[in-house]
Amino acid sequence: DAKTTQPPSMDCAEGRAANLPCNHSTISGNEYVYWYRQIHSQGPQYIIHGLKNNETNEMASLIITEDRKSSTLILPHATLRDTAVYYCIVLMDSSYKLIFGSGTRLLVRP
Amino acid sequence: ETGVTQTPRHLVMGMTNKKSLKCEQHLGHNAMYWYKQSAKKPLELMFVYSLEERVENNSVPSRFSPECPNSSHLFLHLHTLQPEDSALYLCASSLTRTGQLSYGYTFGSGTRLTVV
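The listed protein sequences derive, respectively, from chains A and B.
Numbered by our numbering, the letters in the first sequence go through residues 1 to 110 in order.
Numbered by our numbering, the letters in the second sequence go through residues 1001 to 1116 in order.
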């Protein structure tokens, strides 16, 4: 599975959009981009995933570049409860192993 | 609640004790996983069970012994642990179809283990 690179930490103001980048330059054609988050001392929570098209759900939007080498998770109106570690993970649909990196620690400021 | 329930939430045990962690899911998932999260470290995948068969054991010491009696229950049996085994132990489940990750994982809230 392709490796990902994320900034170790970011912050944003409450009510503003939070844009979390992820580089996955070695991604292959059949690998998906998944995003999870982990609020302090809880289990990770699924947010969204995509292959090559942009995706949106009730939690967030996922923008994948045309060459698929990077993506951005967008929380449109961040709240204090969005403070968490966000993980970008790339894996094939045939894989059953979810392997976590260090993620991005997002702090939403009041 | 996520649909994956872990008990106990907190556990303190001595190095000579034997204890078990329990995980239960009623989501209709057919794969279950144990992860370990030590302080300030990424989650580490320990064991994978698919259709009640262990399909992965990531070089975990034998003092950790998993058991999956059916697709809804997963246990982690602990014996003669070391203080460095203190961590958050997370259980997850997923629905796989012929080995494919058809849906995202669902995690439990974890058991915070302290070995003294």
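Virtual Cβ for every residue (Gly too), placed ideally from N, Cα, C.
query	result
Any beta carbon from chain B within less than 8 Å of A:Lys69's own beta carbon?	no
Whole-angstrom Cβ separation of A:Ala17 and A:Pro76, contact assumed at under 8 Å?	5 Å
Exposed or buried, which one is B:Val1012 when buried takes at least 16 other CB atoms within 10 Å?	exposed
Given that B:Pro1061 touches chain A, what residues does it touch there, using C-beta distances under 9 Å?	Neighbours of B:Pro1061 on chain A: none; closest Cβ ~20 Å, over 9 Å.
Would the region 1081-1093 of chain B and the region 1036-1043 of chain B be scored as touching if the rule is three or more Cβ pairs under 8 Å?	yes
Under 8 Å by Cβ, that's how I've got A:Ile74 and A:Asn19 pegged, so tell me the actual separation to the nearest angstrom.	5 Å
Under the criterion of a Cβ to heavy atom distance below 7 Å, does A:Ala18 qualify as lining the ligand NAD?	Annotation note on the ligand NAD: not contained in the displayed structure, which lists no ligands.
Quick one: what's A:Ile48 bridged to in DSSP?	A:Trp35
Could you tell me the alpha carbon to alpha carbon distance between A:Tyr32 and B:Thr1016, rounded to whole angstroms?	44 Å
Assign B:Lys1036 to buried or exposed, taking buried as 16 or more other Cβ atoms, counted over all protein chains shown, within 10 Å of its Cβ.	buried
Looking at the secondary structure, which residues open and close the beta strand (DSSP E) in which A:Arg68 lies?	First-last for A:Arg68: undefined, no H or E at that position.
Nearest-angstrom Cα distance between A:Val90 and A:Pro21?	13 Å
Skipping 5 residues on each side, what residues in its chain have a beta carbon closer than 8 Å to that of B:Glu1056?	Leu1045, Phe1047, Val1048
Determine the DSSP secondary structure at A:Leu91, reduced to helix, strand or coil.	strand
Between the C-alpha atoms of B:Cys1023 and A:Gln42, what's the straight-line distance to the nearest angstrom?	15 Å
Could you check whether the Cβ of B:Tyr1105 sits closer than 8 Å to any Cβ belonging to chain A?	yes
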